[in-house]
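J.:
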Amino acid sequence: MGFQSPALEYGALAPMLIIFGAAIIGVIVEAFLSAKVRPPIQLAISVGAVVLSLSQVWRLRGSATTTAAVNSVVIDGPVLFMQGTILVLSLFAFLLIADIDAFAAQASAVPGSNEEARALESGKIQTEVYPLTLFAIGGMMLFPAANDLITLFVALEVLSLPLYLMAGLSRRRRLLSQEAALKYFLLGAYSSAFFLFGAAFLYGFAGEVSLAGIRSAVSGGPGNDVFLIIGMVSLSVGLLFKVGAAPFHSWTPDVYQGAPTPITAFMAAATKVAAFGAMLRIFYVSLGGAVYSWKPIFTAVAILTMVVGSVIAIAQRDIKRMLAYSSIAHAGFLLTGVIALNQEGLKASLFYLASYGIATIGAFALVTLVRDSSGEVGDLNRWVGLAKRSPAMALIFSLFLLSFAGIPLTAGFIGKFTIFTAAY
Numbered sequence: 081m082g083f084q085s086p087a088l089e090y091g092a093l094a095p096m097l098i099i100f101g102a103a104i105i106g107v108i109v110e111a112f113l114s115a116k117v118r119p120p121i122q123l124a125i126s127v128g129a130v131v132l133s134l135s136q137v138w139r140l141r142g143s144a145t146t147t148a149a150v151n152s153v154v155i156d157g158p159v160l161f162m163q164g165t166i167l168v169l170s171l172f173a174f175l176l177i178a179d180i181d182a183f184a185a186q187a188s189a190v191p192g193s194n195e196e197a198r199a200l201e202s203g204k205i206q207t208e209v210y211p212l213t214l215f216a217i218g219g220m221m222l223f224p225a226a227n228d229l230i231t232l233f234v235a236l237e238v239l240s241l242p243l244y245l246m247a248g249l250s251r252r253r254r255l256l257s258q259e260a261a262l263k264y265f266l267l268g269a270y271s272s273a274f275f276l277f278g279a280a281f282l283y284g285f286a287g288e289v290s291l292a293g294i295r296s297a298v299s300g301g302p303g304n305d306v307f308l309i310i311g312m313v314s315l316s317v318g319l320l321f322k323v324g325a326a327p328f329h330s331w332t333p334d335v336y337q338g339a340p341t342p343i344t345a346f347m348a349a350a351t352k353v354a355a356f357g358a359m360l361r362i363f364y365v366s367l368g369g370a371v372y373s374w375k376p377i378f379t380a381v382a383i384l385t386m387v388v389g390s391v392i393a394i395a396q397r398d399i400k401r402m403l404a405y406s407s408i409a410h411a412g413f414l415l416t417g418v419i420a421l422n423q424e425g426l427k428a429s430l431f432y433l434a435s436y437g438i439a440t441i442g443a444f445a446l447v448t449l450v451r452d453s454s455g456e457v458g459d460l461n462r463w464v465g466l467a468k469r470s471p472a473m474a475l476i477f478s479l480f481l482l483s484f485a486g487i488p489l490t491a492g493f494i495g496k497f498t499i500f501t502a503a504y
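In this text, residue positions in the sequence shown follow my numbering: the first is 81, and each later residue adds one.
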């Protein structure tokens, strides 16, 4: 009996394969091309891959739901919408990353050392960030498309590991940036462990790792309910950390403040889309039959997250920390969409993710433009008078803030209204 290789549906997987292929090409460019020619080539590869991948997502629109890679990946309407949203946000992120002023000249140099000074004087540019970002994008696209627990965990790690590295590449306030990266890595490792622990218990409960198999077991299988509860709780802890929900939000303000602003924008927008996409798939597809076990807990977490994010944001004096707590509050609203567990809740969550992502990456893009002689200005006291210095910038930033607040006639208001209508 000969070995039969598994079938891979390359057409359905094309958007992700393009991104991963471009990331590998980016690594080869880093290894073999000189530093002087790398920046424009890496930018062209990254932007070209995102545009090409986006065209493949557009090609697949309207197609029937299909599984790929031995049923480990599912391609349907919500997945394509989230993948398209991630790609659009990533395209804007690459335009921000192209600002070489944001990243350390030499990541391995000790902050304040002679080695770092020499790297700055020589004009070195950290172009490794491009393939790292592409790997993260590929993981983000795979995360909401995963159809089993193993693929979910692999996607989680692929999207997380590059972000841990990139959080420590800030050109200024190097120690703060490296502290943020270390904190993000350590807490991220714990969250991944909880996720894997929960996946193991759900496998013990259902005897399968596929989301459909877990759904069948939850709906009436002979599984052990203790395993189900422990698995759901542990898996939820890992996911709630990724979305920055209270009380698992402590990493968010420090990492957002310390990371290079283009990476902060990318994390705040694209990572949240991917994480909530995975959460929607897990709870809508697999754990809907146990809704009365997790819905009260998620409701309490959503309320706590909204309150913590909104109240603590008021006391912040750094613009990036304020936007970080705003991100935490939005996670609470998005959890309400998960709680809804109906078609309207899914549609509302997808709209909210798209509108939030665009407003977030736009707000952080404007943060990169408010500067003084030393670089970006984070202290809110030094934003005083922005309307006089740059009326257009102040107006656009105000519109983003109004959308965050959910003021009527903004996308943020529509998103909040539709989510609460679907849930209650």
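Positions of the beta carbon are idealized from the N, C-alpha and C atoms, including for glycine.
Can you tell me where the beta strand (DSSP E) holding residue 289 begins and where it ends?
T.: No beta strand (DSSP E) holds residue 289; DSSP gives it neither H nor E.
J.: What residues match up with residue 250 in a beta bridge as DSSP calls it?
T.: In DSSP, residue 250 forms a bridge with 183.
J.: Just tell me which of 206, 496, 217, 121 has its CA closest to the CA of residue 355.
T.: The option with the nearest alpha carbon to residue 355 is 217.
J.: Using 10 angstroms around the beta-carbon of residue 139, count the other beta-carbons present and answer buried if the total reaches 16, otherwise exposed.
T.: The residue in question, residue 139, is exposed, as its Cβ has fewer than 16 Cβ neighbours within 10 Å.
J.: Just to confirm before moving on: does the CB-CB distance between residue 435 and residue 495 stay below 9 Å?
T.: Yes; because the gap between Cβ atoms is below 9 Å, this pair is in contact.
J.: Counting along the chain, where does the beta strand (DSSP E) carrying residue 117 start and finish?
T.: Neither: residue 117 is in no beta strand (DSSP E) and is coded neither H nor E.
J.: How would you call residue 423, buried or exposed, if buried means at least 16 neighbouring beta carbons within 10 angstroms?
T.: Label assigned to residue 423: exposed.
J.: Assign residue 397 to one of three DSSP states: helix, strand, or coil.
T.: The answer is coil: DSSP assigns residue 397 none of H, G, I, E or B.
J.: Could you tell me the distance, in whole angstroms, from the CA atom of residue 479 to the CA atom of residue 132?
T.: Their backbone Cα atoms lie some 31 Å apart in a straight line.
J.: Specify the secondary structure class of residue 439 as computed by DSSP and reduced to three states.
T.: Helix at residue 439.
J.: Going by DSSP in three states, residue 502 sits in which element: helix, strand or coil?
T.: In this structure, residue 502 counts as helix in the three-state DSSP scheme.
J.: For the structure I just gave you, are there three or more beta carbon pairs, one from the segment 212-227 and one from the segment 235-243, closer than 8 Å?
T.: In short, these stretches touch, since the Cβ pair count reaches three.
J.: I'd like to know if the segment 314-326 and the segment 267-283 are in contact, where contact means that at least 3 CB-CB pairs between them fall below 8 Å.
T.: Yes, they touch.
J.: Hey, quick one: how far does the alpha helix (DSSP H) through residue 165 stretch, first residue to last?
T.: Start and end: 157-177.
J.: Residue 121 and residue 109 - do their beta-carbons sit closer together than 9 Å?
T.: In this structure, residue 121 lies closer than 9 Å to residue 109 by Cβ.
J.: Starting from the Cα of residue 212, find the closest Cα among 101, 232, 154, 372 and give me that residue.
T.: Nearest of 101, 232, 154, 372 to residue 212, Cα basis: 101.
J.: Are the segment 157-170 and the segment 345-365 touching by the rule of at least three beta carbon pairs closer than 8 Å?
T.: In short, these stretches touch, since the Cβ pair count reaches three.
J.: On a CA-only basis, which of 311, 445, 106 is nearest residue 473? Give me that one, please.
T.: Nearest C-alpha to residue 473: 445.
J.: So residue 397 packs on residue 460, CB below 8 Å; how close in whole Å?
T.: That belief holds up - the Cβ atoms of residue 397 and residue 460 are roughly 5 Å apart, short of 8 Å.
J.: Under the DSSP definition of a beta bridge, which residues are partnered with residue 491?
T.: In DSSP, residue 491 forms no bridge with anything.
J.: What's the C-alpha gap between residue 176 and residue 370?
T.: Cα-Cα distance, rounded: 43 Å.
J.: To which residues does DSSP link residue 154 through a beta bridge?
T.: According to DSSP, which records beta bridges pairwise, residue 154 is partnered with 147.
J.: Mind reading off the beta-carbon distance from residue 250 to residue 339? Whole number of angstroms is fine, and I expect it under 8 Å.
T.: Yes, residue 250 and residue 339 are in contact; Cβ-Cβ is about 6 Å, under 8 Å.
J.: Measure the C-alpha to C-alpha separation of residue 90 and residue 158 and round it to an integer number of angstroms.
T.: The alpha-carbon atoms of residue 90 and residue 158 are separated by roughly 19 Å.
J.: Check whether the segment 380-388 and the segment 251-258 are in contact - that is, three or more C-beta pairs closer than 8 Å.
T.: Not touching, per the Cβ criterion.
J.: DSSP on residue 456, reduced to helix/strand/coil?
T.: Correct three-state label for residue 456: strand.
J.: Give me the Cα-Cα distance between residue 506 and residue 501, rounded to the nearest whole angstrom.
T.: This structure does not reach residue 506, given that the chain is present from 81 up to 504, and the question cannot be answered.
J.: Tell me, which residues are paired with residue 451 by DSSP?
T.: Note: residue 451 sits in a beta bridge opposite 456.
J.: From residue 447 to residue 297, what distance separates their C-alpha atoms?
T.: Cα-Cα distance, rounded: 49 Å.
J.: Is the separation between the beta-carbon of residue 426 and that of residue 417 shorter than 9 Å?
T.: It is a contact, given that the beta carbons lie within the stated cut-off.
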